[in-house]
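There are 2 protein chains.
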Amino acid sequence: MAEPKKAKGNLTIYDVATRAGVSIASVSRVLNGLGTPRAETREKVIRAVRELSFVPDGSARALSNGLKEVIGVVFRRGDETLFEDEYESFLYIDVINRGIEAESQRRGFDVLMSSVAFNDENVLQRVAAMAGKTDGLILHDRMLSAVGIARVASIVPVVTLAGSPTPESMNVRCDNESGMRELVRHLVVDHHYGSVAYLSGRGDSPDNRARARIFEAEAAAAGADIQVGPAWQGNYSAAGGAKVITSLLDAGKALPRAIVCASDQTAIGAMHALAQRGIRVPQDVAVTGFDDVPVARHLHPPLTTVRQPMQELGAKAFEVLYSRISAAGGEPEIVLPVQLIVRESCGCPRSSVPATSPGSLGREEG
Amino acid sequence: MAEPKKAKGNLTIYDVATRAGVSIASVSRVLNGLGTPRAETREKVIRAVRELSFVPDGSARALSNGLKEVIGVVFRRGDETLFEDEYESFLYIDVINRGIEAESQRRGFDVLMSSVAFNDENVLQRVAAMAGKTDGLILHDRMLSAVGIARVASIVPVVTLAGSPTPESMNVRCDNESGMRELVRHLVVDHHYGSVAYLSGRGDSPDNRARARIFEAEAAAAGADIQVGPAWQGNYSAAGGAKVITSLLDAGKALPRAIVCASDQTAIGAMHALAQRGIRVPQDVAVTGFDDVPVARHLHPPLTTVRQPMQELGAKAFEVLYSRISAAGGEPEIVLPVQLIVRESCGCPRSSVPATSPGSLGREEG
DNA sequence: CGCTTACCGGTAAGCGCTTACCGATGTTCC
DNA sequence: GGAACATCGGTAAGCGCTTACCGGTAAGCG
Chain S
1 MAEPKKAKGN
11 LTIYDVATRA
21 GVSIASVSRV
31 LNGLGTPRAE
41 TREKVIRAVR
51 ELSFVPDGSA
61 RALSNGLKEV
71 IGVVFRRGDE
81 TLFEDEYESF
91 LYIDVINRGI
101 EAESQRRGFD
111 VLMSSVAFND
121 ENVLQRVAAM
131 AGKTDGLILH
141 DRMLSAVGIA
151 RVASIVPVVT
161 LAGSPTPESM
171 NVRCDNESGM
181 RELVRHLVVD
191 HHYGSVAYLS
201 GRGDSPDNRA
211 RARIFEAEAA
221 AAGADIQVGP
231 AWQGNYSAAG
241 GAKVITSLLD
251 AGKALPRAIV
261 CASDQTAIGA
271 MHALAQRGIR
281 VPQDVAVTGF
291 DDVPVARHLH
301 PPLTTVRQPM
311 QELGAKAFEV
321 LYSRISAAGG
331 EPEIVLPVQL
341 IVRESCGCPR
351 SSVPATSPGS
361 LGREEG
Chain Y
367 MAEPKKAKGN
377 LTIYDVATRA
387 GVSIASVSRV
397 LNGLGTPRAE
407 TREKVIRAVR
417 ELSFVPDGSA
427 RALSNGLKEV
437 IGVVFRRGDE
447 TLFEDEYESF
457 LYIDVINRGI
467 EAESQRRGFD
477 VLMSSVAFND
487 ENVLQRVAAM
497 AGKTDGLILH
507 DRMLSAVGIA
517 RVASIVPVVT
527 LAGSPTPESM
537 NVRCDNESGM
547 RELVRHLVVD
557 HHYGSVAYLS
567 GRGDSPDNRA
577 RARIFEAEAA
587 AAGADIQVGP
597 AWQGNYSAAG
607 GAKVITSLLD
617 AGKALPRAIV
627 CASDQTAIGA
637 MHALAQRGIR
647 VPQDVAVTGF
657 DDVPVARHLH
667 PPLTTVRQPM
677 QELGAKAFEV
687 LYSRISAAGG
697 EPEIVLPVQL
707 IVRESCGCPR
717 SSVPATSPGS
727 LGREEG
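Protein chains in written order, with the working numbering: chain S, 1 to 366; chain Y, 367 to 732.
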């Protein structure tokens, strides 16, 4: 990859030892708080370390310890042509990554991030390379086939997100099903909306498919008219959401009373397109999201959505991975609860309580 | 930190050599494409590697090569209590990080991410730890004092973002000055707004201070009334922006004709608060942002803002760092141009061209 | 006061890899 | 057919660190 060899004549533990007038073993012991060095020895070492601004080399430590204290996170990135649109949809990934990062820090681990282009054919190679640099891997949605996972998992422990566990890997996901169920019920039963549509996410996303499935089942059960199909195919991005609405309107189609979007980003795009055409949300058409990204509450109108505990998702993923790294433990599958967050885009008045079973609905506090 | 020693009985290059019936030197040569191994040897090695799913250990390579092929990125994170609010403001950081990541991948590097709490007293320690695990560091805004930077830079090359270069470190930033200048001119000269306010970011941010300074100078020069001061102190977050507006309104103060926000997030919060009170943007009060985060165009109304080339900022930062890692090169300071993006929140009609010098203004294309 | 016991701290091996160096083949030319 | 040469592949050293092991010194005891 890169040419440079042998960095500069870097400081080593030997330099510190020489300067402090002790052996390298003592330096190491002081640095790691092992053994019971004499106060004087400790002092000398500490002083030498400070004077030299010495920092032990991570790879040498890792090699010696058999532990790198680094975990890897791999996720998808748009290819060049889609870049502008795609990267919007990453808020979501970023928040999860932040959760991973925060939790791993508590354990003294750092996080190695690597994105993979959507059109990259040999993801496996990239993931494997990451495996060599880390103690364990967290893979976002749709990274690898079961076979690929098995291969990588034979090298380091693997946790997948929003997938399903395999014999070799663990998985952490949110309970999309009940979130979608509650959401649809809120629209159809509480608001009596007779027609609803699902503005979908990427067709190849399991999360999206699960949501679509529940949407249809639940809306049908509640007796609402359903609009789905190719015309309602988005891609999780705001631009994708806007395009769907615009095309539909241009084609002279009548919109349903409520539009359930596959993600908040999609909803943002959809609301934008509606506003451009002078269609009022929620008076003319109600719109809902999914995820509850941070900006959702600041939209106009504030977005009704299903909150996924994204930070927690990331934190849990790390936790599971960690317990596997440090022992053999680790639950194979973890499912986190989601929460319906009712704001105004569904037609609820600002800060009122809808007529439905209490406790099952989230509400803004601050 | 973590207890586990000696991971499992991992695969090594010796296992591969044995299996392939060659020496470890040959395996290494094949793996790295060095020397001129016979076709047969090469084949045997490749097969053994595949059969065993062997991946060479990154730390051992790093130790031997003197190159980890990892760079570190350090940024600030809100402390626990502020978490909810703070992390909104991170869109910005995330986009930059994405730029860093994409560029480093092109060179075969991976990125180690580490956030530091706002209230963390010894950042230096954390940063130093990162230095030990990487070949170079990129530090976001306000991470370290000049002294701290000097210390860290004695260990690995350092690039700072939105700061200023020191004898030991390099810096990459955006040209805030001219962006703010153009923006204020647009509001005061083109729109003839007679009173303007600067809803500021964190008081300790150099970027924020630079923007505030230019704002005042430029608005004063153009003859507009200026509102600044503690009442207008935000913190880069949406919640902070909303709070300022709410407090002002509660105190019965009259708002200026235009509000220049320190960041898009701040503007989002401000517009949200204004909408809550029934104040129309831009008819009653114009609002502008700074950054051009992806959602800015989808807000209601679409946000007029100054686009910072955030991806590019990150990419450039890596580039500079890389050239320092692989050689002694690297420009000490890089300043990237920004671009005024005129949308509707400033009072411009949708997609019209304002009456000002052409070429100096950006405009939405798609 | 001499011997046992405890406590420190040093020496050296080894983590998994790269690569300089060298010996063993096979090739070519006279 | 033998010597000179090229080519390939193996052996071993070393990257910077941790730590098992052991020897030396000081303290504790009879």
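Note that the Cβ used here is the ideal one computed from N, Cα and C, for glycine as well.
Residues of its chain near Gly-713/Y, where Cβ-Cβ distance is below 6 Å and the 5 sequence neighbours each way are ignored: His-557, Pro-648, Ala-652
Per-residue DSSP class, three states only, for Gly-289/S: coil
Under the assumption that Thr-288/S contacts Val-320/S (Cβ atoms under 8 Å), give the Cβ distance between them as a whole number of angstroms. With 8 Å as the limit, Thr-288/S and Val-320/S do not qualify as a contact, their Cβ atoms being about 31 Å apart.
Which residues in chain S sit within 8 Å of Ser-480/Y, going by Cβ to Cβ distance? Glu-101, Gln-105, Asp-110, Val-111
Close-in-space but distant-in-sequence residues of the same chain around Ala-7/S (CB under 8 Å, 5 per side omitted): In this prediction, Ala-7/S has a pLDDT of 43, which is less than 50 and means its spatial position is unreliable; what the coordinates show is noted afterwards. Excluding sequence neighbours, Ala-7/S sits near nothing in its chain.
What's the gap between the Cα of Leu-433/Y and the Cα of His-140/S? 28 Å
For a cutoff of 8 Å on Cβ pairs, would you count Tyr-92/S as touching chain Y? no
Inter-residue spacing [alpha-carbon to alpha-carbon] between Val-393/Y and Ser-425/Y: 18 Å
Report yes if the C-beta distance between Pro-531/Y and Pro-698/Y is below 8 Å; otherwise report no. yes
If you count every other CB in all the chains shown that lies within 10 Å of the CB of Pro-167/S, and 16 or more means buried, which is it? exposed
Hey, which unbroken runs of the beta strand (DSSP E) at 3 residues or more fall wholly within the stretch 242–321 of chain S? 258–261, 286–288, 305–307
Please list, in chain order, the chain S residues whose beta carbon lies closer than 8 Å to that of Arg-517/Y. Ser-53
In the DSSP assignment, find the beta strand (DSSP E) that holds Ile-155/S and state where it starts and stops. Here Ile-155/S belongs to no beta strand (DSSP E), and DSSP marks it neither H nor E.
Starting from the N-terminal side, write out each stretch of the beta strand (DSSP E) that is 3 residues or longer and does not extend beyond the stretch 3–83 of chain S. 70–77
Measuring CA to CA, which of Met-170/S, Val-188/S, Asp-264/S is closest to Ala-328/S? Looking at the Cα atoms, Met-170/S is the closest of the given residues.
What number of angstroms, rounded off, separates the C-alpha of Leu-313/S from the C-alpha of Arg-257/S? 33 Å
Residue of Gly-589/Y, Arg-551/Y, Gly-545/Y, Ala-597/Y minimising C-alpha distance to Arg-577/Y: Gly-545/Y
Please name the residue or residues paired with Gln-705/Y in a DSSP beta bridge. Arg-673/Y
Please compile the residues from chain Y whose C-beta is within a distance smaller than 7 Å of the C-beta of His-367/S. No statement about residue 367/S is possible, as the shown extent of chain S runs from 1 to 366 and does not include it.
Pick from Val-440/Y, Gly-569/Y, Ser-711/Y, Ile-379/Y: whose alpha carbon is nearest that of Val-594/Y? Gly-569/Y
What does the alpha-carbon distance come out to for the pair Phe-475/Y and Leu-706/Y? Take the alpha-carbon of Phe-475/Y and the one of Leu-706/Y: they are about 33 Å apart.
Hey, would you say Ser-480/Y sits closer than 8 Å to Arg-464/Y, going by beta carbons? No, these two residues do not count as a Cβ contact at 8 Å.
So, Val-672/Y versus Val-704/Y, is the Cβ gap smaller than 8 Å? yes
Residue closest to Asp-264/S, alpha-carbon to alpha-carbon, out of Asp-284/S, His-300/S, Ala-251/S, Asp-250/S: His-300/S
What beta strand (DSSP E) runs, 3 residues minimum, are completely inside the stretch 574–609 of chain Y? 591–593
Is the CB-CB distance between Gly-635/Y and Ala-681/Y below 8 Å? no
Candidates Arg-508/Y, Ile-390/Y, Ala-583/Y: closest to Arg-539/Y by CA position: Arg-508/Y
Taking C-beta pairs closer than 9 Å, name the residues in chain Y that Leu-63/S reaches, listed in chain order. Asp-423, Ser-425, Ala-426, Ala-428, Leu-429
I think Leu-11/S touches Leu-63/S, with their Cβ atoms under 8 Å apart; what is that distance to the nearest whole Å? In fact, because the Cβ distance is near 18 Å, the residues do not count as touching under 8 Å.
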